[in-house]
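Sequence order for the protein chains is A and B. The opening position of the first sequence corresponds to residue 3 in the numbering used here, with each subsequent residue numbered one higher. The opening position of the second sequence corresponds to residue 1024 in the numbering used here, with each subsequent residue numbered one higher. Glycine included, every Cβ here is placed at the ideal spot set by N, Cα and C. Note that the coordinates shown come from a computational prediction; the quantities given were computed from them, not determined experimentally. Read the structure below first, then the notes.
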Amino acid sequence: MEKWENNKAWFLVLPVFIIVAFSSILPIMTVVNYSIQDIWGPGQSIFVGTEWYEEMLADHRLHDALWRQFLFSGLVLLIEMPLGILLALAMPKRGWGVSASLVTMSLPLLIPWNTIGTIWIIFTRPDIGLFGAAVNQLVEFDHTARPLDAWITLMLMEVWHWTPLVTLLAYAGLRAIPEAYYQAAKIDGASTWSTFWYIQLPKMRGVLTIAFLLRFMDSFLIYAEPFVLTGGGPGNSTTFLSIYLVKIALLQFDLGPGGAFSLIYFVIVLLFSYMFYQALQRVGKGEKV
Amino acid sequence: MTLTLEWMEWTLPTAIFFSTIFLILVAMTIWQTVAPSIERRGFLPIPTTPGDRLFIGLLGSAYLFLAWLALTDFTLWIMLGIAVVWMIVVMRWG
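This is the structure we're talking about:
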């Protein structure tokens, strides 16, 4: 049996552990404590057991927010993954065009998230926004009043903001394919489609797994952009989990229900993070995902 | 400056909960040092170490508890029993 030789290395991890304890472990313990009490102020609390969990699990606004969240993440993946791959395939492979397109693609990723919301508020305003006013010449469009328009605006913003990430990852994957594969495909007389299906797509599997999971997690935790753009409205039509959570925990200051909600949200995120971690581990080992 | 934990609003059940998890982690660390384990394949779809199985067991228990609260009105002690059985099954055969 193999013996551990580097147990002393654990001491080097200690500083990180202390930081994580203060930034994550102690706060999450506090949230667990909050979630089973009714709290009015420091030191003023009553033990309520699992009441908040039962209330939150039965809360139909939470169910709605959860389904909305899955719908949003699903649409994000459905649009951004194929679009990102297509853009990566269309990008030039040599010459000055490579740098030019890489920089252009990266620009949306460099803008702070709340600024993105502000940009799109102005851009899509029906009265003065370039996009909003132009579309209103053809059909009525107002993301502040009509749920469907709010979703369309949100999806446009999300796709504009994050498709470049998928594209950059897919492009990196494409560039890593040795030229010999393409030569072999050419000799066999393979069509563009079969080259894509049998060479490029399988070779991109690793980076696409990363892109898929990153995009899923990010869109599942999205807060700043919809908060700035729609504030969760009109009505509750774009109230995602994080927006609803902030409403309960910080605006209504219901720490107990907020804590229970956080932990339900947390176990969902934890499950997907773990699957993400497992998939990445296996990409690293070159196993089938 | 004095360090107080009052702001964390501790209760006895949560203290017991976190102490138990802490003790399990300590015990498993000692166990791993005394008798190092290797990755193996059980009924779970991925090869796992005892640490992986502990994590999967605890996360699975969290979902079981939430489902129990959402779907039934029975006491949580029954669920605790189910969770213990589930932990043993995952640790032993997972």
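For residue i, which option in the options has the closest C-alpha, if you only look at C-alpha atoms?
i         : options                                       : result
Leu223/A  : Ile154/A, Ile270/A and Ile21/A                : Ile270/A
Met206/A  : Val161/A, Thr240/A and Thr169/A               : Thr169/A
Gly1065/B : Pro1073/B, Thr1098/B and Ala1058/B            : Pro1073/B
Glu56/A   : Thr1052/B, Ile1079/B and Phe1088/B            : Phe1088/B
Leu247/A  : Val50/A, His65/A and Ile41/A                  : His65/A
Met157/A  : Gln280/A, Gln71/A, Ile179/A and Ala262/A      : Gln71/A
Val1107/B : Ile1053/B, Gln1055/B, Ile1061/B and Leu1081/B : Leu1081/B
Gly259/A  : Ser193/A, Ile41/A, Pro29/A and Ile27/A        : The amino acid occupying residue 259/A in the given sequence is Pro; Gly does not appear at that position. When each option's Cα is compared against that of Pro259/A, the closest is Ile41/A.
Val1113/B : Leu1103/B, Gly1104/B, Gly1083/B and Phe1097/B : Gly1083/B
Thr240/A  : Val34/A, Asp61/A, Ala213/A and Leu68/A        : Leu68/A
Gly1117/B : Pro1059/B, Met1031/B, Pro1036/B and Leu1067/B : Leu1067/B
Ala226/A  : Thr211/A, Leu171/A and Pro114/A               : Pro114/A
Leu88/A   : Leu210/A, Phe263/A and Gly233/A               : Leu210/A
Phe49/A   : Trp1033/B, Thr1095/B and Gly1104/B            : Trp1033/B
Leu1103/B : Leu1094/B, Thr1071/B, Ala1085/B and Arg1115/B : Ala1085/B
Met1022/B : Phe1078/B, Phe1040/B and Arg1063/B            : Here chain B covers residues 1024 to 1117 and nothing more, so residue 1022/B does not appear.
Asn238/A  : Gly134/A, Ala192/A and Pro149/A               : Pro149/A
Thr264/A  : Lys249/A, Leu112/A and Phe278/A               : According to the sequence provided, residue 264/A is Ser. The question's Thr does not apply to it. Comparing Cα-Cα distances from Ser264/A to each of Lys249/A, Leu112/A and Phe278/A, the minimum goes to Lys249/A.
Ile201/A  : Ala178/A, Phe214/A, Ile30/A and Leu215/A      : Ala178/A
Thr32/A   : Leu257/A, Ala90/A, Gly97/A and Thr120/A       : Leu257/A
Arg63/A   : Ile81/A, Gly234/A, Ile154/A and Gln46/A       : Gly234/A
Gln280/A  : Ile1047/B, Thr1043/B and Ile1069/B            : Ile1069/B
Leu2/A    : Trp153/A, Ile21/A and Trp12/A                 : Lying before the first or after the last residue shown, residue 2/A is absent from chain A, which here runs from 3 to 291.
Does any CB atom of chain B fall closer than 8 Å to the CB of residue i?
i        : result
Glu56/A  : yes
Val291/A : Residue placement at Val291/A is flagged as unreliable, the pLDDT there being 43, under the threshold of 50; the coordinate-derived value follows with that caveat. Not closer than 8 Å to any Cβ of chain B, the Cβ of Val291/A fails to qualify, so no.
Val18/A  : no
Val22/A  : no
Met3/A   : Residue confidence for Met3/A is low, a pLDDT of 49 falling below 50, so the modelled location carries little weight; the figure read from the coordinates is stated next. At least one chain B Cβ lies under 8 Å of Met3/A.
Tyr225/A : no
Tyr173/A : no
Tyr183/A : no
What in chain A is Cβ-close to residue i, meaning under 9 Å?
i         : result
Ala1093/B : Tyr55, Glu56, Leu59 and Ala60
Thr1043/B : Going along chain A, no residue has its Cβ under 9 Å from Thr1043/B, so there is no contact; the nearest lies around 13 Å.
Note down, in chain order, every chain B residue with its Cβ under 8 Å from the Cβ of residue i.
i       : result
Thr52/A : Leu1092 and Leu1099
Say whether chain A places a C-beta atom closer than 8 Å to the C-beta of residue i.
i         : result
Pro1102/B : The question names Pro, but residue 1102/B in the sequence shown is Met. Not one chain A Cβ lies under 8 Å of Met1102/B.
Leu1077/B : no
Met1031/B : yes
Pro1073/B : no
Ala1085/B : yes
Ile1069/B : yes
Thr1034/B : yes
Report the neighbours of residue i on chain B: residues whose CB is nearer than 9 Å to its CB, in chain order.
i        : result
Tyr279/A : Chain B residues near Tyr279/A: none, gap ~10 Å exceeds 9 Å.
List the residues of chain A whose Cβ lies closer than 7 Å to the Cβ of residue i, in chain order.
i        : result
Thr990/B : The first residue shown for chain B is 1024 and the last is 1117, placing residue 990/B beyond what the model contains.
I want to verify the contact list: residues of chain B whose CB lies under 7 Å from the CB of residue i, in sequence order.
i        : result
Leu273/A : Leu1082
According to DSSP, residue i sits in a beta bridge with which residue or residues?
i         : result
Thr1071/B : Arg1063/B
Gly1/A    : An answer regarding residue 1/A cannot be provided, because it is not within the stretch 3 to 291 covered by chain A.
Gln46/A   : Gly43/A
Give the interface partners of residue i over in chain A, defined as CB-CB distance under 8 Å, in chain order.
i         : result
Leu1089/B : Tyr55, Leu59, Ile266 and Val269
Pull out every residue of the segment 26-48 of chain A whose Cβ sits closer than 8 Å to any Cβ of chain B, in chain order.
Listed in sequence order: Leu28, Met31, Thr32, Val34, Asn35, Tyr36, Ile38, Gln39, Ile41, Pro44, Gly45 and Ser47.
Quick one, which residues of the segment 122-143 of chain A are near chain B if we go by CB-CB under 7 Å, in chain order?
So nothing in the stretch comes that close.
Tell me which residues of the segment 239-271 of chain A have at least one Cβ-Cβ distance to chain B shorter than 7 Å, keeping chain order.
Within the segment 239-271 of chain A, the residues whose Cβ lies closer than 7 Å to some Cβ of chain B are Ile266 and Val269, listed in chain order.
Any residues in the segment 199-216 of chain A with a beta carbon nearer than 7 Å to a beta carbon of chain B? Which ones, in chain order?
Hits within the stretch: zero.
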